[in-house]
Amino acid sequence: MAKGSDSERKQDELTWLENLQRNSWEPEVIISGITLAFLFVFPAKIYEFSVYLIQEIGVGYLPSLLILFYLTTIVSVFKIFFVVHLCLRFVWAGLLGLSYAFPEGVINKNLFRMAQDYDYQKPADMVLRLEKICSMTFAYPVSLVLVFLIFTVYLGLLIGIYVWFDLNFFIIYVIFMISLFGLMTLMLAKKKTKFKKWYSQSMLSSISAVYQSNLGKWLAVVYAFLIFAFSVPIIISDTQDFSTFSNDRELIEKELEWSAKYLHYEEDHDINARFPRAFIRSEEITDNYLRLGIARYEGDGKIIEELNTDFAKELDSLEWKSLEETADLHRIYIDEQVVKIDSWSKHRLGGTKQKIYQTGIDISYLMEGIHTIRVEKLLLKYGFVDNKPSLVIMNQWDQFNFIKR
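Letter by letter, the sequence shown follows residues 1073 to 1477 in the working numbering.
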């Protein structure tokens, strides 16, 4: 009696699984659609988060850039996966309708004579074949989810240690490379270890093995490579202008020649985005008072004391204003004439809650027409390995024009 019950239970489970497989298209389409809706929102949030790390937390530009590229790559890759899946399902739905309208498929005698002697696929066969391809396409990202999840947790832990203990990024880089090399050594070793045995029984390894054994050793790899290749243009688009948030570099020639208005003028700026450097209210100024804003970088506060002590003589030779707060690291020029700044006020912008410094500049003496604002910045650059500081003046930390009316 027990054996019969077990057999019936197993048969019921198989029947349930077969029914679920037949109707898998419904959850596939729903999950793909909902996931895509979220994925098209994420890039802006990832971009903002990476900038937040630089300006508010004091994380260096390089680790923030790596975080941006890593997270953007994940989102872009899954965008391509789910877009491909939905496109295939779109074709599948069309074939399904075709199989319903013309279940017998091609009637050869009704074709032009030149096409009558060929064999054609039946719509039902095409539906079944494409059904398997759709399901396979939807299942493939599962293995990547697990890989990305593991790496994201590990990288998040490393970045947390880097920020919490204020370490040199070179140390974190070495730790990551050693751990990566150790993992590759374990995986490529011929000896059958406990780790490899455990990994082979994991879901990640099993999914990968299913694809390799059924599709071929290299087809799954090539498919993944093509997805990554197609995602490159999306990644480039989603990371555009992030280099302007690198606090320790000057503007390049292209940025000086073709400056971006939305990075310098509030009226052209998205309220939910951060300013990278200096900015004013609008390109055209109709009064005699110019309000200038400067983005605050948390990392600047770490060098004030060191500049005032170890580099005091250099500051005197530069005739730089005494450094009391990070705003004093900037020197403002209008048409190459130094502007005396008596004081800076501190504010937070709406939307992003970005910390900024603001000051007012009297421009009543300026003639009507185009004028240029240039911002110099004083910084310390540290060696990637030895962490030894050197004084650097960014002569073109920022530069843009305004029109006085």
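Glycine included, each C-beta is placed from N, C-alpha and C at the ideal position.
Looking only at VAL1149, LEU1137, ASN1473, ALA1281, the smallest Cα-Cα distance to ASP1407 is reached by ASN1473. In this structure ASP1310 is buried. Its beta-carbon is surrounded by 16 or more other beta-carbon atoms within 10 angstroms. With a 10 Å radius around the Cβ and a threshold of 16 neighbouring Cβ atoms, THR1257 comes out exposed. The beta-carbon distance between ARG1353 and GLU1339, rounded to whole angstroms, is 7 Å. This is short enough to meet the 8 Å contact definition. Taking the C-beta atoms as reference points, TYR1454 is found no nearer than 7 Å to ILE1366. In the structure shown, GLN1471 adopts extended strand secondary structure according to DSSP, grouped into three states.
DSSP lists ASN1473 as the bridge partner or partners of THR1444.
For GLU1100, the closest C-alpha among the options GLU1120, PRO1195, SER1207 is that of SER1207. ARG1201 counts as exposed, since fewer than 16 other C-beta atoms from the protein chains shown sit within 10 angstroms of its C-beta. In the DSSP assignment, LYS1374 falls outside any beta strand (DSSP E) and carries neither an H nor an E. Ranked by how close their Cα comes to the Cα of ASN1180, the residues GLY1228, TYR1192, SER1136, SER1171 have TYR1192 in first place. Short of 8 Å from the beta carbon of LEU1158, and not among the five residues preceding or following it, lie these beta carbons of its own chain, in chain order: VAL1101, SER1104, GLY1105, LEU1108. Distances from the alpha-carbon of ILE1435 to those of VAL1447, SER1417, LYS1412 put LYS1412 closest. Taking 4 residues as the shortest admissible run, the segment 1389 to 1440 contains no complete alpha helix (DSSP H) segment at all. Annotation note: the segment 1299 to 1384 contains the following uninterrupted alpha helix (DSSP H) runs of length 4 or greater, listed N- to C-terminal: 1325 to 1329, 1376 to 1382. Rounded to whole angstroms, the separation of the alpha carbons of ILE1243 and ILE1250 is 11 Å. Annotation for ILE1152: the continuous alpha helix (DSSP H) segment containing it runs 1133 to 1173. Here ASN1319 has TYR1369 as same chain residues with Cβ atoms under 6 Å from its own Cβ, once five neighbours each way along the sequence are excluded. Residues of the same chain with a CB within less than 7 Å of the CB of HIS1443, apart from the 5 flanking positions on each side, are ILE1406, ASP1407, ASN1473, PHE1474, LYS1476 in chain order. Of all alpha-carbon atoms in ALA1350, ALA1116, VAL1155, TYR1283, the one lying nearest the alpha-carbon of GLU1322 is that of ALA1350.
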